[in-house]
Amino acid sequence: MFKSKASQAEQQQYQEKFEQLKPKTPILKNVIWAFIVGGLICMLGQFLMNYFVSLGFSNKEAAGPTSVVLIFLSALFTGLGIYDELGRRAGAGSIVPITGFANSIVAPAMEFKREGYVFGIGAKMFIIAGPVLVYGISTAILIGFIYWLRL
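Quick note on the working numbering: the sequence shown kicks off at 11 and runs consecutively.
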């Protein structure tokens with residue numbers, strides 16, 4: 011039940027050796043890549059928004075089609091394997107909320123497509139995004155109920 015002193019010493023030596031040998035994370039490089047890629051995704055979103063406004067949409071109306079295009083592109087690039095490669099290189103920069111969320115829904119579906127449409131894609135599609143949806147919707151309902159009570 012209690013670890014012997016020899017076992018603790020071995021574990022300490024192992025931990026020290028592990029710390030010496032593990033590769034160092036290039037934090038500055040990762041932060042710069044995340045900033046650049048996240049900025050480019052946001053810049054694409056702003057370009058799309060401006061395009062829809064130039065077609066006669068108001069800013070509020072242009073938000074919907076902009077989101078749809080970003081979600082579509084994210085899902086398409088995930089299906090083609092491009093978004094995963096982008097995520098490997100850009101890290102956190104690729105999980106800009108709307109594109110990262112679309113990727114988190116499509117990626118498990120693509121991984122389990124060989125198991126069929128129902129038990130593969132259908133069952134696994136929301137394995138990552140499901141908890142986010144459940145808690146997000148539950149919180150929205152709770153806040154809406156509280157708001158309704160205050161009126």
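A virtual CB, placed ideally from N, CA and C, is assigned to each residue, including glycine.
State the Cα-Cα distance for the pair residue i and residue j, rounded to the nearest angstrom.
{"i": "P75", "j": "G55", "result": "10 Å"}
{"i": "L96", "j": "R160", "result": "46 Å"}
{"i": "I37", "j": "A44", "result": "10 Å"}
{"i": "F129", "j": "G91", "result": "22 Å"}
{"i": "V79", "j": "Y61", "result": "12 Å"}
{"i": "S77", "j": "E125", "result": "30 Å"}
{"i": "E71", "j": "R98", "result": "34 Å"}
{"i": "Y157", "j": "S148", "result": "14 Å"}
May I ask which residues mark the beginning and end of the alpha helix (DSSP H) holding residue i?
{"i": "A119", "result": "P107 to E121"}
{"i": "Y61", "result": "I37 to S64"}
{"i": "Y93", "result": "I92 to A100"}
Less than 8 Å between the C-beta atoms of residue i and residue j, yes or no?
{"i": "N113", "j": "S68", "result": "no"}
{"i": "V116", "j": "G48", "result": "no"}
Do the stretch 143-152 and the stretch 122-135 meet, that is, are 3 or more Cβ pairs less than 8 Å apart?
No, because fewer than three Cβ pairs between the stretch 143-152 and the stretch 122-135 fall closer than 8 Å, the two stretches do not touch.
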